[in-house]
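Q: So the sequences go chain by chain: G and L.
Count along the first sequence starting at 1, add 1, and that's the number in the numbering used here.
Count along the second sequence starting at 1, add 27, and that's the number in the numbering used here.
Here a beta-carbon is modelled for each residue, glycine too, at the ideal position from N, C-alpha and C.
Since we're looking at a predicted model, the values are computed, not measured.
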Amino acid sequence: DIQLTQSPSSLSASVGDRVTITCRASQTINTYLNWYRQKPGKAPKVLIYSASSLQSGVPSRFSGSGSGTYFILTISGLQPDDFGTYYCHQTYGPPYSFGQGTELEIK
Amino acid sequence: QVQLVQSGSELKKPGASVKISCKASGYTFTTYGINWVRQVPGQGLEWIGSINTNTRNPTYAQGFKGRFVFSLDTSVSTAYLQISSLKAADTALYFCAREFADRVSGSIRYWFDPWGQGTLVTVSS
Chain G
2 DIQLTQSPSS LSASVGDRVT ITCRASQTIN TYLNWYRQKP GKAPKVLIYS
52 ASSLQSGVPS RFSGSGSGTY FILTISGLQP DDFGTYYCHQ TYGPPYSFGQ
102 GTELEIK
Chain L
28 QVQLVQSGSE LKKPGASVKI SCKASGYTFT TYGINWVRQV PGQGLEWIGS
78 INTNTRNPTY AQGFKGRFVF SLDTSVSTAY LQISSLKAAD TALYFCAREF
128 ADRVSGSIRY WFDPWGQGTL VTVSS
């Protein structure tokens, strides 16, 4: 089974900062990698699919890159509403799997 | 609009069973698969498995084979997750999610969109 490891597990950043979250896969997954954000008490919502494609309606400050085993989610110009937990997710499987999550706090 | 609406919270005793529903609207139900995801309070997302809404073929993650069963009622665009022999460790928020598929860079890619609002299952004596 494919394991996804996110880094960092948590971070605190200020409005306007550039934030990067990484996701490493235990084996190559091409670009079958998606990113979601989950806010407390809510369901996750997709931000990026297929490693770098921006989901419709998601602000352009979100971007994704990577392929193979290493992926990056970047938020350029952090906004107050960007708090939450971010998850990477691979659909190279099944079985599908998620990273352990990165909790983002706005200072 | 496309949405998945799940059934309400459940409180069950150990050993009992529970059946959660996930009703789809806004699209043709049999076009996309339905996935189920578990989230233990305070923890991350765990993929339970998926069901092909066209062939009814289920796929279960290794740790969820046996007590977890997916089913469908396509006449009402609804997917179900039944969990039997409930344990305290099954206490969690259970999400359904549509497995959206589209062609990206020449191949079919999959992602989960939208998700249901989640159903909290509490197992306690």
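When the Cα atoms are used, what is the spatial distance from S132(L) to Y93(G)?
A: 15 Å
Q: If you draw a straight line from the C-alpha of D82(G) to the C-alpha of L5(G), how long is it?
A: 26 Å
Q: Buried or exposed for Q28(L), going by 16 or more other Cβ atoms inside 10 Å?
A: Counting Cβ neighbours within 10 Å, Q28(L) comes out exposed, since fewer than 16 surround it.
Q: If you count every other CB in all the chains shown that lies within 10 Å of the CB of P9(G), and 16 or more means buried, which is it?
A: exposed
Q: If you check the beta carbons only, do N62(L) and A106(L) fall under 7 Å apart?
A: It is not a contact, given that the beta carbons lie outside the stated cut-off.
Q: Identify the contact partners of S98(G) in chain A, using a Cβ-Cβ distance below 7 Å as the criterion.
A: The structure shown has no chain A; the protein chains it does contain are G and L.
Q: Identify, in the order they occur along the chain, each residue of the same chain with its Cβ nearer than 6 Å to the Cβ of K40(G), setting aside the five sequence neighbours on each side.
A: G85
Q: Do R94(L) and I110(L) have their beta-carbon atoms positioned less than 7 Å apart in this structure?
A: yes
Q: Expressed to the nearest angstrom, what Euclidean distance is found between the alpha-carbon atoms of G78(G) and F97(L)?
A: About 42 Å.
Q: For T74(G) versus L12(G), is the C-beta distance shorter than 7 Å?
A: Residue identity check: residue 74(G) is Leu in the sequence provided, not Thr. In this structure, L12(G) does not lie closer than 7 Å to L74(G) by Cβ.
Q: Which of the three DSSP states, helix, strand or coil, is assigned to P81(G)?
A: The three-state secondary structure of P81(G), taken from DSSP, is helix.
Q: Counting pairs of Cβ atoms below 8 Å between the region 32-51 of chain L and the region 57-73 of chain G, do you hit three or more?
A: At 8 Å Cβ cutoff, the stretches do not touch.
Q: Kindly indicate which three-state DSSP category T101(L) falls into: helix, strand or coil?
A: Helix.
Q: So with Cβ pairs under 7 Å, would you call Y137(L) a contact of chain G?
A: yes
Q: Whole angstroms are fine: how far does the CA of G143(L) sit from the CA of I127(L)?
A: Reading off the sequence, residue 127(L) comes out as Phe, not Ile. Those two C-alpha atoms are separated by around 14 Å.
Q: So, is the C-beta of A4(L) closer than 7 Å to a C-beta in chain G?
A: Lying before the first or after the last residue shown, residue 4(L) is absent from chain L, which here runs from 28 to 152.
Q: Only counting the same chain, and skipping five residues up and downstream in sequence, which positions put a Cβ closer than 7 Å to that of V64(L)?
A: L72, E73, W74, I75, F122 and A124
Q: Taking the alpha-carbon of I30(G) as reference, which of G69(G), P96(G), R38(G) and G100(G) has the nearest alpha-carbon?
A: Comparing C-alpha distances from I30(G) to each of G69(G), P96(G), R38(G) and G100(G) shows the shortest one belongs to G69(G).
Q: Can you tell me which of the three DSSP states Q89(L) falls into?
A: helix
Q: Is the CB-CB distance between K108(G) and S51(G) below 7 Å?
A: no
Q: For S77(L), which residues in chain G fall below 9 Å Cβ to Cβ?
A: P95 and Y97
Q: From the DSSP output, which residues share a beta bridge with R94(L)?
A: DSSP lists no partner for R94(L).
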